[in-house]
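*Asks:* Under this note's numbering, the first residue of the sequence shown is numbered 7, with each subsequent residue one higher.
Where a beta carbon is used, it is the ideal one built from N, C-alpha and C, also for glycine.
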Amino acid sequence: MKPDILCIGSVLWDIIGRASSHMRSGSDVPGRITRLPGGVAMNIAMTLINFGLTPAVLSAIGRDAQGDELVHEAAGLGIITDYLYRSDDLPTDAYMAIEGANGLIAAIADAHSLEQAGTKILRALSDGTLGSDTVPWSGLVALDGNLTRDLLADIAKSPLFTASDLRVAPASPGKAERLLALVGHPSATLYVNLEEAGLLCQTTFSTATDGAAALSQRGVHRVLVTDGGNLAAECLAGDICTAQPPEVLVTRVTGAGDTFMAAHIASEVQGMTRQAALVRALNAAATYVSGETPS
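1. Which residues in the same chain as ALA100 place their Cβ atom closer than 6 Å to its Cβ, once the five residues preceding and following it in sequence are excluded?
2. Kindly indicate which residue of THR40, GLN208, CYS13 and VAL63 has the alpha-carbon position closest to the one of ARG24.
3. Give every residue of the same chain whose Cβ lies closer than 8 Å to the Cβ of SER296, excluding the five residues on either side of it in the sequence, and list them in chain order.
4. Would you check if the distance between the CB atom of GLY225 and the CB atom of GLY190 is smaller than 7 Å?
5. In three-state DSSP terms, what is PRO43?
6. In angstroms, rounded to a whole number, what distance separates the CA positions of GLY261 and GLU202?
7. Which runs of the beta strand (DSSP E) spanning at least 3 residues fall entirely within the stretch 56-86, listed in chain order?
8. Taking 7 Å as the threshold (C-beta atoms), are ALA182 and LEU206 in contact?
9. Where does MET52 sit, in a helix, a strand or coil, going by DSSP?
10. Can you find the residues in the same chain that come closer than 6 Å, C-beta to C-beta, to ASP171, ignoring five residues on each side of it along the sequence?
11. Here's the rule I'm using: 16 or more other beta-carbon atoms within 10 Å means buried, otherwise exposed. How should VAL141 be labelled?
12. Can you tell me where the beta strand (DSSP E) with VAL198 in it begins and where it stops?
13. Can you tell me which of the three DSSP states GLU105 falls into?
14. Hey, quick one: how far does the beta strand (DSSP E) through GLY23 stretch, first residue to last?
15. Can you give the Cα-Cα distance for LEU64 and ALA282, rounded to whole angstroms?
16. Which of the three DSSP states, helix, strand or coil, is assigned to ARG155?
17. Suppose the cutoff is 7 Å on Cβ atoms and the five residues either side in sequence are ignored; what does the same chain contact list for GLY109 look like?
18. Determine whether the beta carbon atoms of CYS13 and PRO43 lie at a separation below 7 Å.
Structure below.
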């Protein structure tokens, strides 16, 4: 089966501790701890499945028990796992986060195997399986902005991506500047929050509209900027559209940006206008943070 979209980046186990009370450094409170398939590429793929698309994941997963279980879970959801790089030497990655009623308290991402695998995760795009230097993949690509600086730079100039519609997922603020490698790429769409937009422009913005306009002026082909429950903006070739997210009770935050991006991509694949796609993506993200499953 040919995938509708390639999701390139982290596929790992999310271990999330959630408490209903406000937390601070050193808090010790009751709550729930869950382990679920996660990582930027996996989160996007799972949301795309909910919207009726067939994604494939390109990532690094160990040949350990955790990796076997993760691949089984992904395949059971309908995600194509045939193109994963399975390593005998590297363990399956994991992400651990603590969330309180006041949002994300702390998180640790152990993505060392993905980082060490490097360009090996792209081999299906170069060996003729999905594409090659001379006949590159011509479809959608959802790219994890948390990939290493070197790998993002390689992708930005690689002939393997010259024909693709490249959608770049939110990076963590600490890694946002890695996305600078994709500024000027002719088909790259960046999905960032207001803080990340400011880091990319080495300043701060008070609104998503300002951030989107500034990134467009810097040479970003297309950009979507979110700002929590405040107005979000999308800018394409200098033309800006905006939308207001619905008000919801926030019960989780990890994965909200990935859900927003996946919903936006699916909406455009299904023929929605720019404005309608932005609104639907914001609604999907709001549904997700409220604890429901967007569709």
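*Replies:* Let me spell this out:
1. Here the question's residue 100 lines up with position 94 in the sequence shown. Here the set comprises LEU18, TRP19 and ASP116.
2. In the sequence shown, counting from the first residue as 1, residue 24 sits at position 18. For the residues THR40, GLN208, CYS13 and VAL63, the minimum Cα distance to ARG24 belongs to THR40.
3. For the purposes of this step, residue 296 is identified with residue 290 of the sequence shown, where counting begins at 1. Answer for SER296: VAL254, LEU255, VAL256 and THR257, listed in chain order.
4. As a position in the sequence shown, residue 225 is number 219, starting the count at 1. As a position in the sequence shown, residue 190 is number 184, starting the count at 1. Contact flag set, yes.
5. Here residue 43 corresponds to residue number 37 of the sequence shown, with the count starting at 1. In the structure shown, PRO43 sits in a strand (DSSP, three-state: E or B).
6. Taking the first residue of the sequence shown as 1, we reach residue 261 at position 255. Taking the first residue of the sequence shown as 1, we reach residue 202 at position 196. One C-alpha to the other measures close to 16 Å.
7. 61-64 and 66-68
8. For this step, residue 206 is matched to residue 200 along the sequence shown. For this step, residue 182 is matched to residue 176 along the sequence shown. Yes, the pair counts as a contact, with Cβ atoms nearer than the cut-off.
9. As a first step, residue 52 must be located in the sequence shown, where it is residue number 46. Helix, per DSSP.
10. To locate residue 171, count along the sequence shown from 1; it is residue 165. Answer for ASP171: LEU146 and SER193, listed in chain order.
11. Residue 141 sits at position 135 when you count from the first residue of the sequence shown. Looking at its Cβ environment, which holds fewer than 16 other Cβ atoms inside 10 Å, VAL141 is exposed.
12. Residue 198 sits at position 192 when you count from the first residue of the sequence shown. It spans 195-199 - the beta strand (DSSP E) in which VAL198 sits, taken as one unbroken run.
13. As a position in the sequence shown, residue 105 is number 99, starting the count at 1. Strand, per DSSP.
14. For this step, residue 23 is matched to residue 17 along the sequence shown. 18-24 is the extent of the beta strand (DSSP E) around GLY23.
15. Position 58 of the sequence shown, counted from the start, is the residue given in the question as residue 64. Position 276 of the sequence shown, counted from the start, is the residue given in the question as residue 282. Whole-angstrom Cα-Cα distance: 29 Å.
16. One-based indexing of the sequence shown puts residue 155 at position 149. Looking at ARG155 - three-state DSSP - the assignment turns out to be helix.
17. Taking the first residue of the sequence shown as 1, we reach residue 109 at position 103. Same-chain partners within the cutoff: VAL259.
18. Counting from 1 along the sequence shown, the entry for residue 13 is found at position 7. Counting from 1 along the sequence shown, the entry for residue 43 is found at position 37. It is not a contact, given that the beta carbons lie outside the stated cut-off.
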